[in-house]
Amino acid sequence: MKQKAVEAIQLEADITVTEYKRLLIEEENKNIMLTIALEKERNDLLEQRLEANQRELMGNSLYIHQKNRLLADLKEHMQEMDATYPHARPEALKSIQSSLQDGQHLDEEWNKFKLHFEQVHPSFFKDLQAAHPTLTKYELRLYAYFHINLSTKEIAALLNIAPASVRQAKARLNKKMNLIG
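Residue 169 in this note's numbering sits at position 124 of the sequence shown, and the numbers go up by one each step.
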């Protein structure tokens, strides 16, 4: 009888140890699955950042291309004016230089605005990019102007574009950010 009691106790202990081992293995599996899920989420986030950086790079490339094209056009106009109107060159040159400076001032003004904006709204751009990593610099700029309730005409003047272009850009931005429809 004692032998059977000892065997029963031993069997019960073996069952308890086996159950404990099973629970440990289950817990390890849960931890592994959690680690895999976290790594997948991290990889997805890195992919989103990479895509956003690539889009930003493309946007910057387009911007540089447009600026270079503007400079080439201006150079061509200067050559044409020099050939056609050799005596009008100083006045025409001033006009062209003024156009070039306007382009430079747009960049400088945006950098100043962004600096002051970030002082008032410290995490605005970081939070916006975290919520919408696909936004380009231009879209961030537009959203910042909309955020401070600038009118369409004011934004158009700042960006040196037509008010209709601002309205169209706003509609695209809203759609991209899923703010409407």
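Cβ atoms here follow ideal geometry from the backbone N, Cα and C, with glycine treated the same way. Predicted model, so just to flag it, every value in this text is computed and none were measured.
From methionine 126 to leucine 115, what distance separates their C-alpha atoms? Across the structure, methionine 126 and leucine 115 are spaced so that their CA atoms are roughly 16 angstroms apart.
Valine 62 classed as buried or exposed, judged by whether at least 16 other C-beta atoms fall within 10 angstroms: By the neighbour-count rule (16 or more Cβ atoms within 10 Å), valine 62 is not buried but exposed.
What residues in its chain sit with their C-beta under 8 angstroms from that of proline 178, if we drop five residues either side in the sequence? Apart from sequence neighbours up to five positions away, the residues of its chain that approach proline 178 with a beta-carbon distance below 8 angstroms are Gln93, Arg94, Glu96, Ala97, ordered along the chain.
With 16 other CB atoms within 10 Å as the buried threshold, where does glutamate 86 fall? So glutamate 86 counts as exposed.
Between which two residues does the alpha helix (DSSP H) holding serine 210 run? For serine 210, the enclosing alpha helix (DSSP H) begins and ends at 208-221.
So what's asparagine 156 in DSSP terms, helix, strand or just coil? Here DSSP, grouped into helix, strand and coil, assigns asparagine 156 to helix.
Should the segment 215-222 be regarded as contacting the segment 184-201, the criterion being three or more beta carbon pairs within less than 8 angstroms? Proximity of the segment 215-222 to the segment 184-201 meets the contact definition, three or more beta-carbon pairs being nearer than 8 angstroms.
Can we say the segment 187-199 touches the segment 162-176, given the rule of at least three CB pairs closer than 8 angstroms? Because the criterion of three Cβ pairs below 8 angstroms is met, the segment 187-199 and the segment 162-176 touch.
Ignore the nearest five residues each way along the sequence and tell me which others in lysine 198's own chain have a CB closer than 6 angstroms to its CB. A distance below 6 angstroms between beta-carbons, with the five flanking residues on each side excluded, links lysine 198 to the following residues of its chain, in chain order: Pro208.
Buried/exposed call for isoleucine 81, threshold 16 Cβ in 10 Å: Isoleucine 81 comes out exposed.
What would DSSP say about serine 143, mapped onto helix, strand or coil? In this structure, serine 143 counts as helix in the three-state DSSP scheme.
Rounded to whole angstroms, what is the Cα-Cα separation between leucine 195 and alanine 175? Their backbone Cα atoms lie some 24 angstroms apart in a straight line.
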